[in-house]
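Data first, discussion second: the structure below is written as C-alpha cells.
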Amino acid sequence: MDHELGQPHEPDLALHVEDLTVSYGDRPALWDIDLNIPPGVLAGVIGPNGAGKSTLLKAILGLVPLSAGHVRLFGHTYAEQRRRVGYVPQRSSVDWDFPTTAVDVVTMGLYGRMGWFRWPGRRERDRALRALEEVGMDALADRQISELSGGQQQRVFIARALVQQPDLLLLDEPMAGVDATTERSIIDILGRLRREGRTIIVVHHDLQTVQRYFDWLIFLNVRVIAAGPIDSVYTARNLRRTYGGQVALLDEGRQRNGGPEDAGPAG
Amino acid sequence: MPGLLADYTLQNVMLGAALIGVISGVLGAFAVLRRQSLLGDALAHAALPGVCIGFMMAGAREMGSIMGGALFTGVAAALLMVALTRNTRLKMDAALAAMLSLGFALGVVLLTWIQRRGGASQAGLDSFLFGQAAATTRADLYPMMILAGIALLGVALLWKPLKLMTFDPDFAAVTGLPVQWLERLLTAMIALAVVTGLQMVGVVLMTAMIIAPGAAARQWCGSLLGMVVLSAVLGALAGVGGGLVSALAPGLSTGPVVVLLATLIALLSLLLAPRRGLIPAWWRRRHRRSHTSTDRILQTLYELAREHGDWRYRVEQGAVDAYHGMITEPQLSTLADRGLVVPAQHMPDEGRHWQLTETGVAHAAEYAQRRRRRFGNGA
C-alpha cells in the first residue's frame, strides 16, 4: 500500500520506527531497527557502549540523517510533531560555562513556539519558573548555571524539556554522573509524567535499576535485540545477546530473574 | 583637548575605530563562546588576497571594491573550511591553520606583484598588513558603517536563534532552527566584522579584536546580553584608544597598539573580575580560613591518621589544602606553635608533611568526642 505524506501512519503508537538504518562513515550505527512503543509507558533503552543508544534518540529527532527507514510519532513525522516532543540531551553535550541563569535555560525550551523575533517576557518566565518548581529547582532559578552541581544542571535540562509540556519525552542518560538523591528525584518526576499519560523514553546505563525504574524495555546493540513490556523481555538470554560475553552482567541478570533461562519470545 | 577632538582626521579615526570595536566585540563574543576564536584569524588572513583582487579590479585604492574583495575571499575561505572538516578527516584546528597560511601566502604574493607592477596609487596597500588609522578618510567610513549596520542588525533580529545555537546546537535543531544556515550566517557576519577592521587594524592582528573584548566581557557578565554589550564597549575602547595613539604618533601602525590595549583589558579582566577573576578567587580562598578553625584541620589530620591506623601518619600539606579547599598553611603553623603538630618530610619529591604530636592526638580525640556528644554518632 502506498502512503501519502501527511497521512497518519500508525497513529495509535507514541513511537513507530520501521527499517531504520543510520551509518557514520562506513559502519552502521543502527541497523534495520523496528520499534513500536505504545503511549503512556516509561521505557528504558539499554545496551553496551557503542550500541547506538544516543544515535537512536537523535535519529528519532531528525538530528542525524537516516540511511533508510522512517520514524513516526503519534502517526506523524517529527517535523510535524515538534511541539509534542521534549528532548533532554546528555549533560556533557553543552558548555556549562555559558553566561546564563537556570531560569533562562528553561526559557530556551519555549523559543521554538515563540517564533524567531519575539522576546521572552513575564509569561515565559512564569512558565519557566513553574517548570523549575516541578523539578525542585525554583529556589536556584537565578543562579548562574556554571555554579550549579551536576545533578542540578541535569534537573535544569529536564525542566527545559518539561516547559514544553511534551507528550513524548526523550532523555539521554539523565542519571549519568548525578548523586543518588538526584537520581531518585529524577525517577520520581518521570513516574509522575507517566501517570499523567505521557510517554517517556530513557537511555539508561545501569542494569541494577532497570527493573525498578521502567515498565518497558528496549535491548539495543546496533540492532534491536528485544523490546516490550519489561516482564516479558528482561531475561538472561536477552541480556546475554545484548551485552555479549560480559560474564559479570550475565550472572547478575540470571540472579535477578532467578528462574528459567528465557521467559518467552521477545516482543 | 577640545581643539584636538575637533580635528577632522582624528574624528574619522575615532569614529572608525569605535565602529570596528563595536562590531568585532559583538560578533567576537559569539565566536569566543562557540570556541571559534581562531576563526577570525583565518578569515582575516584569507581576506588579504581579496584586498589585492579588489584593488586590481578597481585599478585604485577604492575602499568599496577592496572590502568587497576581502569579504568575498574571506567567506569563500570559511565555506571551504567547513567543507574540509565535513568531507575529510581534517579537524577544525587543522583546517583553520591551513586556510590562515594559504590565505596569507596568496595575499603576500599578490601584494608584491602589485608593487612590482608599480604605479603611485598602490602605495597604501601594504598598510592592510598592520593597519593604518591616520590615513582614514570620511569616504572610508561609509562602507564600514554599512557593514557594521548589517552585522548588528543581523544579531539583533536573530538574537534568540543565535543564542540557542551558541549554547546548545542540538537542542536548537530539535526546536526546528536551521542550525547549519545559522552557522554559515554567523561565520559570514564574523567575516564582515573582520573586513570592517582590515584597513585600520590590519589582517595580522585583527583576530585580537575578535577575541579579547569577548574574553574580557565574559569575566564580568552573567548574561549573554550583558556580555555582548560590554564586549562591544570594551572593543570600542580598545579601538578608539589604539586609533588615537597611532594617529597622534605618525608612522605607528594601529594594529599593534590596539592589540596591546585590548590584551591589557582582557588581562585585567582575567585578574580582577569579582566572581571569576583570579585575584578575588585567591582572596576568597585565603579569607575562608577565618571560617575554618584550626580545630577542624587538626581533626582532618586525626581522621586520616586513624584511617591509616597509624598515629604517626604523615599528611602532605597539599592534601589538607585540597580537602578544605583553601590554603591551610597559617592554621597548620598555629597548630605547630601550640605543639599539636610537627612538620615532617616523606618522599623527597613531595611537599611538606605534617604529623600529629602526642598532645595533638589527645587534643583531637577530645575534640572529636565533644563533637560526637553534640551532634550524635552520625556526625
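For the record, the sequence lines run as chains Y and F.
Counting from 1, one number per residue, gives the positions in the first sequence under my numbering.
Counting from 1001, one number per residue, gives the positions in the second sequence under my numbering.
By construction, the Cβ of each residue, glycine as well, lies at the ideal position given by its N, Cα and C atoms.
Of the residues the options, the one placed nearest residue i, counting alpha carbons only
i                       : options                        : result
residue 1015 of chain F : F:1155, F:1247, F:1279         : F:1247
residue 186 of chain Y  : Y:65, Y:42, Y:117              : Y:42
residue 7 of chain Y    : Y:27, Y:197, Y:73, Y:107       : Y:73
residue 1012 of chain F : F:1140, F:1342, F:1172         : F:1140
residue 154 of chain Y  : Y:189, Y:181, Y:91             : Y:91
residue 1360 of chain F : F:1319, F:1306, F:1042         : F:1306
residue 165 of chain Y  : Y:194, Y:176, Y:145, Y:141     : Y:194
residue 1213 of chain F : F:1224, F:1152, F:1226, F:1238 : F:1238
residue 1130 of chain F : F:1110, F:1144, F:1044, F:1094 : F:1044
residue 1114 of chain F : F:1249, F:1055, F:1178         : F:1055
residue 303 of chain Y  : F:1218, F:1037, F:1145, F:1172 : An answer regarding residue 303 of chain Y cannot be provided, because it is not within the stretch 1 to 267 covered by chain Y.
residue 1103 of chain F : F:1073, F:1086, F:1117, F:1094 : F:1073
residue 68 of chain Y   : Y:213, Y:112, Y:12, Y:17       : Y:17
Chain-order list of residues whose beta-carbon lies under 6 angstroms from that of residue i (same chain, five-residue window excluded)
i                       : result
residue 241 of chain Y  : 225
residue 1210 of chain F : 1024, 1028, 1031, 1040
residue 1208 of chain F : 1259, 1262
residue 167 of chain Y  : 84, 198
residue 1317 of chain F : 1351, 1352
residue 86 of chain Y   : 161, 164, 166, 169
Exposure of residue i, with buried meaning 16 or more beta-carbon neighbours within 10 Å
i                       : result
residue 1100 of chain F : buried
residue 172 of chain Y  : buried
residue 1220 of chain F : buried
residue 1366 of chain F : exposed
residue 1091 of chain F : exposed
residue 179 of chain Y  : exposed
residue 1279 of chain F : exposed
residue 78 of chain Y   : buried
residue 1346 of chain F : exposed
residue 1216 of chain F : buried
residue 1137 of chain F : exposed
residue 1369 of chain F : exposed
residue 1112 of chain F : exposed
residue 1088 of chain F : exposed
residue 1049 of chain F : buried
residue 202 of chain Y  : buried
residue 1152 of chain F : buried
residue 234 of chain Y  : buried
residue 1240 of chain F : buried
Coarse secondary structure for residue i, derived from DSSP in three states
i                       : result
residue 115 of chain Y  : coil
residue 165 of chain Y  : coil
residue 98 of chain Y   : coil
residue 229 of chain Y  : strand
residue 211 of chain Y  : helix
residue 1343 of chain F : strand
residue 1361 of chain F : helix
residue 206 of chain Y  : coil
residue 1313 of chain F : coil
residue 13 of chain Y   : coil
residue 221 of chain Y  : strand
residue 28 of chain Y   : strand
residue 43 of chain Y   : strand
residue 243 of chain Y  : helix
residue 84 of chain Y   : helix
residue 173 of chain Y  : coil
residue 1174 of chain F : helix
residue 1012 of chain F : helix
residue 154 of chain Y  : helix
Beta-carbon proximity list for residue i, same chain, < 7 angstroms, skipping 5 on both sides
i                       : result
residue 30 of chain Y   : 20, 21, 22, 52, 55, 56, 59, 222
residue 1315 of chain F : 1301, 1304, 1353, 1354
residue 32 of chain Y   : 19, 21, 223
residue 1128 of chain F : 1048, 1051, 1198, 1199, 1202, 1203
Residues near residue i by beta carbon distance below 8 angstroms, same chain, minus five either side
i                       : result
residue 124 of chain Y  : 107, 110, 114
residue 205 of chain Y  : 46, 173, 175, 176
residue 66 of chain Y   : 20, 21, 22, 59
residue 1124 of chain F : 1061, 1132, 1135
Proximal chain A residues relative to residue i, where beta-carbon distance stays under 9 angstroms
i                     : result
residue 82 of chain Y : The structure shown contains no chain A; its protein chains are Y and F.
- Residues, ordered as in the chain, of the region 1207 to 1224 of chain F that lie near chain Y by beta-carbon distance below 8 angstroms: 1218, 1221, 1222, 1223, 1224
- Task: Scan the region 133 to 144 of chain Y for residues whose Cβ lies nearer than 7 angstroms to a Cβ of chain F and list them as they occur along the chain.
- Result: 144
- Under 8 angstroms (Cβ pairs) to chain F, residues found in the region 16 to 42 of chain Y: none
- Check each residue of the region 1022 to 1037 of chain F: if its Cβ is closer than 7 angstroms to any Cβ of chain Y, include it; give the result in chain order. 1033
- Task: Pull out every residue of the region 1159 to 1186 of chain F whose Cβ sits closer than 7 angstroms to any Cβ of chain Y, in chain order.
- Result: Correct list: 1160, 1161, 1164, 1167, 1168, 1170, 1171, 1173, 1174, 1175, 1176.
- Message: Using a Cβ-Cβ cutoff of 7 angstroms, what residues of the region 1143 to 1157 of chain F are near chain Y? List them in chain order.
- Response: Flagged, chain order: 1157.
- Item | Contact residues within the region 1222 to 1253 of chain F, judged by C-beta distance below 8 angstroms to chain Y | 1222, 1223, 1224, 1226, 1227
- Message: Residues of the region 58 to 82 of chain Y in Cβ contact with chain F at a cutoff of 7 angstroms, in chain order, please.
- Response: 61, 63, 82
- Item | Residues within the region 176 to 188 of chain Y neighbouring chain F, beta-carbon criterion of under 7 angstroms | none
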